[in-house]
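Residue numbers (this note's numbering): 192 to 370. Even for Gly, the Cβ is constructed at its ideal location relative to N, Cα and C. This structure is a prediction, so every number in the text was calculated from the model and none was measured. First the structure, in the form of structure tokens, and then the observations on it.
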Amino acid sequence: IGMAIGFTASLFFFFAWLRASSAFLDFILSLDLPLIAGMQAWRFAGLGFLFLYAYKVLPGLFALPVGLGDMAVGLAAPWMMLGLARHPDFAASAGFIRWNWLGILDLAVALGLGASMAMAAPGTIGTAPMATLPLLLVPIFLVPLFLMLHATALMQSRRVARDQGARQAMKDHVPLSDP
């Protein structure tokens, strides 16, 4: 229960503040998008879950999908960052949006698997070590942080797409000539 409160409290506060404060929303939308995407490169540290599986600290059913998913998102982050740096409109691309949604899905799968395996049968390896320090920092600090970063990237992506549409509409607009 404590871990669930720790996880949801920061997300609740973040999204509530976004809705309540236009200044906070403006701040979030002004953040450097390539940097936000690049911060996801830290997720390559999901390699640590594979080591914890190899040393029989975490079960493979949890550690393998979580570790590999985090590593995939983290490995792709520099490419996303490069795409955004070269072409700011890349933020509205299907690839960038899909990468963010896959990153969110990976985090949701990790939370679901972790919670479902927390109470392992006696004599089996469970995810109980995730509820002790230092691993506890992953679900109550890093997962919410990465979710907030993905949400921020998707909000900025939507704004870029909206701006692209407005630019295209102005470009396509042909004034009527007077008769």
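Span separating the alpha-carbon of residue i from that of residue j
i: Val248; j: Ser213; result: 45 Å
i: Gln355; j: Pro269; result: 24 Å
i: Ile227; j: Pro250; result: 31 Å
i: Phe332; j: Ser348; result: 24 Å
i: Leu220; j: Tyr246; result: 42 Å
i: Arg234; j: Ala211; result: 30 Å
i: Ala306; j: Thr318; result: 8 Å
i: Leu224; j: Met321; result: 31 Å
i: Pro279; j: Arg350; result: 12 Å
i: Ala276; j: Met361; result: 25 Å
i: Met194; j: Arg353; result: 38 Å
i: Met308; j: Thr323; result: 15 Å
Residues of its chain near residue i, where Cβ-Cβ distance is below 6 Å and the 5 sequence neighbours each way are ignored
i: Ala301; result: Val257
i: Leu345; result: Asn291
i: Ser201; result: Pro335
i: Gly274; result: Phe281
Cβ-Cβ separation, residue j to residue i (assumed contact under 8 Å), whole Å
i: Ile295; j: Leu338; result: 6 Å
i: Leu216; j: Leu209; result: 5 Å
i: Leu298; j: Val329; result: Between Val329 and Leu298 the Cβ distance is about 10 Å, and since that is not below 8 Å, they are no contact.
i: Met262; j: Gly237; result: 5 Å
i: Leu304; j: Phe253; result: 5 Å
Proximal residues to residue i (C-beta, below 7 Å), its chain only, five neighbours per side dropped
i: Phe205; result: Met339
i: Phe218; result: none
i: Gln231; result: Val264, Gly265, Ala268, Gly294, Phe337, Leu340
i: Thr343; result: Ile219, Leu222, Ile227
i: Thr199; result: none
i: Leu243; result: Leu249, Ala254
Cβ-heavy atom distance, residue i to the ligand MG, below 7 Å
i: Val300; result: As far as ligands go, the structure on display features none, and thus does not contain the ligand MG.
8 Å CB neighbourhood of residue i in its chain, flanking five on each side removed
i: Ile192; result: none
i: Ile196; result: none
i: Gly239; result: Gly258
Below-8 Å beta-carbon distance, residue i vs any chain C residue
i: Ile288; result: Absent from the structure: chain C. Only one protein chain is present.
Contact between the segment 272-287 and the segment 307-319 is defined here as three or more beta-carbon pairs at a separation below 8 Å; is this criterion met? no
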